[in-house]
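Encoded as structure tokens, the structure appears first; notes follow it.
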Amino acid sequence: MNVSLIFRHRGLLAFFFICLMIPIWLSLYLGEPKVESDYKWTDIIGEGSVTLLTTFWLVAALVSRPPGKVTRLLVLGLACFMFSSLLDVLDEFFAYHPSANWLSVVESFPAAVGMIIMTAALYYWHLEQVALNKQLQRRELQYRAVEKIDIITQLYRADYWRERVLDLQQQKQTAAIIALDINNFTQLNTQLGNREGDRFLHEIAHLILMNLRPSDLVCRYAGDRFIALLPDADNAFAEDIAQQVERSIEHVAFRCNEHNMAIFQSIRTASLILTPTDDLQVQLKKINTQLDQKSGSMHQVVDAA
38 MNVSLIFRHR GLLAFFFICL MIPIWLSLYL GEPKVESDYK WTDIIGEGSV
88 TLLTTFWLVA ALVSRPPGKV TRLLVLGLAC FMFSSLLDVL DEFFAYHPSA
138 NWLSVVESFP AAVGMIIMTA ALYYWHLEQV ALNKQLQRRE LQYRAVEKID
188 IITQLYRADY WRERVLDLQQ QKQTAAIIAL DINNFTQLNT QLGNREGDRF
238 LHEIAHLILM NLRPSDLVCR YAGDRFIALL PDADNAFAED IAQQVERSIE
288 HVAFRCNEHN MAIFQSIRTA SLILTPTDDL QVQLKKINTQ LDQKSGSMHQ
338 VVDAA
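In terms of the working numbering, the sequence shown has 151 at position 114, counting the first letter as 1, and numbering is strictly consecutive.
If you want it as structure tokens, here you go:
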């Protein structure tokens with residue numbers, strides 16, 4: 038949840054406050070306060086809960102989503118529904134003169150309009166999710182758990198990767214594992230600073246994704262180490278993919294924001310096959326040992342001036 042997003046929705050915020058204030062103004066202007074003995078607390082609690090939850094959903098949409106058609110329709114629909122539900126709640130506190138019977142039409146109509154708008158919002162949200170699912174296909178493996186996404190690389194963390202491996206083993210599937218480690222990343226991070234180091238990790242994650250199949254999964258294992266799962270792949274295929282990733286990263290220039298230089302980095306890789314009967318922890322220890330035994334080359338800095 039990014040609270041700063043709410044300031045990008047000034048028009049929707051204005052509409053929300055209008056829908057909030059008009060029912061209050063109508064009730065104060067046209068109604069007379071009821072005595073406490075006339076309150077129906079079950080109705081107040083039920084209708085009040087609907088209004089509060091609708092308002093919470095509306096605010097959640099504003100602080101969670103960037104501007105766009107889906108966000109706009111969601112907020113407009115929820116605001117219209119909130120308008121009606123708030124008037125409904127205020128009915129429990131105010132009595133109206135017979136000349137204000139038209140208020141019942143005002144009370145029910147916005148809710149119907151809001152539901153129509155929400156239906157359109159859900160349709161476009163579905164189209165949005167279809168597009169996002171395609172975009173995330175190589176970042177997840179048949180299961181979504183956004184709470185396990187690494188904030189820097191936008192890949193899943195190691196615990197998610199382990200769960201998907203265990204799922205494959207339960208399905209009696211063989212898979213290849215590739216571990217990837219950035220050479221001398223600590224030195225690079227010290228030279229460029231943590232912000233640029235994090236951006237470098239993010240870019241490396243994208244490069245690794247580009248070299249994998251749609252059915253493969255890559256996650257951030259720890260620090261500057263990544264790990265990939267290749268279902269139904271043999272060791273020769275895994276080694277070929279690992280070499281392709283190494284070559285692609287070696288030939289890409291990383292441009293720093295604050296330095297007039299290009300950095301060419303290298304990685305080292307290791308791979309092995311995981312069968313349904315293998316102990317995952319043993320295999321992870323083995324592949325990490327293989328990776329640690331490989332010597333990494335220094336990164337190359339080229340001045341662009």
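Using N, Cα and C, we set each Cβ at its ideal position, and we do this for glycine too.
Nothing here was measured: the structure is a model prediction, and the numbers come from that model.
Run through the DSSP bridge pairs and tell me what residue 157 is partnered with. DSSP output for residue 157 lists no bridge partner at all.
Length of the line joining the Cα atoms of residue 128 and residue 96: In this model, residue 128 and residue 96 are separated by some 24 Å (Cα to Cα).
If you follow the alpha helix (DSSP H) that residue 101 is part of, which residue opens it and which one closes it? Start and end: 78 to 101.
Is it buried or exposed, residue 302, if we count other Cβ atoms within 10 angstroms and call 16 or more buried? buried
Supposed close pair residue 194, residue 185 - CB separation, criterion 8 Å: 5 Å
On the DSSP bridge list, what partners appear for residue 68? 133
Of all Cβ atoms in chain D, is any one closer than 8 Å to the Cβ of residue 191? Absence of chain D from the displayed structure is noted, only one protein chain being present.
For residue 82, count neighbouring C-beta atoms within 10 Å of its own C-beta (all shown protein chains included) and say buried if the count is 16 or more, exposed if not. exposed
Using 8 Å as the cut-off, can you tell me whether the region 66 to 74 makes contact with the region 111 to 125, which would need three or more C-beta pairs spanning the two stretches below that distance? no
So, does the region 221 to 231 touch the region 200 to 211, judging by three or more C-beta pairs under 8 Å? no
Can you tell me where the beta strand (DSSP E) holding residue 121 begins and where it ends? Not the beta strand (DSSP E): residue 121 falls in the alpha helix (DSSP H), residues 106 to 127.
Where do the N-terminal and C-terminal ends of the alpha helix (DSSP H) with residue 285 fall, by residue? 272 to 287
Residue 242 by DSSP, collapsed to three states: which one? helix
Identify the residues that DSSP records as bridge partners of residue 256: which are they? 193, 264
How many angstroms separate the CA atom of residue 164 from the CA atom of residue 104? Roughly 16 Å separates the two Cα atoms.
Short Cβ contact (8 Å threshold) for residue 107 with residue 66: no
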